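Residue numbering for the sequence shown is 0 to 180, as defined by numbering that gives the first Met the number 0. C-beta: ideal position from N, C-alpha, C; glycine also. Owing to the predicted nature of the structure, the values given are computational and were not obtained by experimental measurement. The structure under discussion appears below in the form of structure tokens.
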Amino acid sequence: MSTAATAAITFAALYASHQVGDHVVQSDWAATTKAAPSAEELAAGVPPWTGWSACLRHVASYTGTQAVALGLVCFVAPLGIAGIGAALLVSSSTHAVIDRRWIVRRLIRAKRCHGWREGPYLIDQSLHMGALLVASVLAPTVGGVMGVLAVGGAAVALVAAALAAERRLGAWSRSAAPAHG
0 MSTAATAAIT
10 FAALYASHQV
20 GDHVVQSDWA
30 ATTKAAPSAE
40 ELAAGVPPWT
50 GWSACLRHVA
60 SYTGTQAVAL
70 GLVCFVAPLG
80 IAGIGAALLV
90 SSSTHAVIDR
100 RWIVRRLIRA
110 KRCHGWREGP
120 YLIDQSLHMG
130 ALLVASVLAP
140 TVGGVMGVLA
150 VGGAAVALVA
160 AALAAERRLG
170 AWSRSAAPAH
180 G
């Protein structure tokens, strides 16, 4: 089986398991809490990492769903454990960052599409699909421990950068809040 075919079936599995993990497995609590705090809550002094616990619980169940799907792919395609690990690292780290929603809010502001009712959900899902494409291409090409470590390092760097950005956004929101008095 060619690398391209393996990437294609991997994308199909990641897409299907994304749908199940994001819409069926995810709890209502995670869905409504993972992106907290809002801009108003940030301005009021709520810590910027408030929703991370819910987000990480969701990402754990989501990643488990994707691991099962990629395990099934192994029955029909030459997908190794390193490729599965790389795909799951890309998918889980990007999913966590995207689900915090500040990137989505920034894109909506940049696109000036505040009146687009479905905008937040569609932009969120589009970003996830782009990340799944990257994960699918890496899955059949990453081999060995060094490849997984390189992808893992990039995943950790992404989440660390997101945490730093959230901290800066929190500080900015608090400094931009009108004084109460």
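Remark: C-beta atoms of T64 and V24 approach each other more closely than 8 Å.
Of all C-beta pairs linking the stretch 93 to 107 to the stretch 36 to 55, three or more are shorter than 8 Å, placing the two stretches in contact. With 16 or more other Cβ atoms inside 10 Å of its own Cβ, E165 counts as buried. Here L121 has no same chain residue with a Cβ atom under 6 Å from its own Cβ, once five neighbours each way along the sequence are excluded. In the three-state DSSP reduction, F10 falls in the helix class (H, G or I).
Three or more beta-carbon pairs drawn from the stretch 75 to 93 and the stretch 145 to 154 are found closer than 8 Å, and the two stretches are therefore classed as touching.
Of V133, A34 and I8, the smallest CA-CA separation from L162 is found for A34. In this structure, G82 sits near V141, with a CB-CB distance shorter than 8 Å.
Using a Cβ distance threshold of 8 Å, S135 and A15 do not count as a contacting pair. For V72, the enclosing alpha helix (DSSP H) has its first and last residue at W51 to V72.
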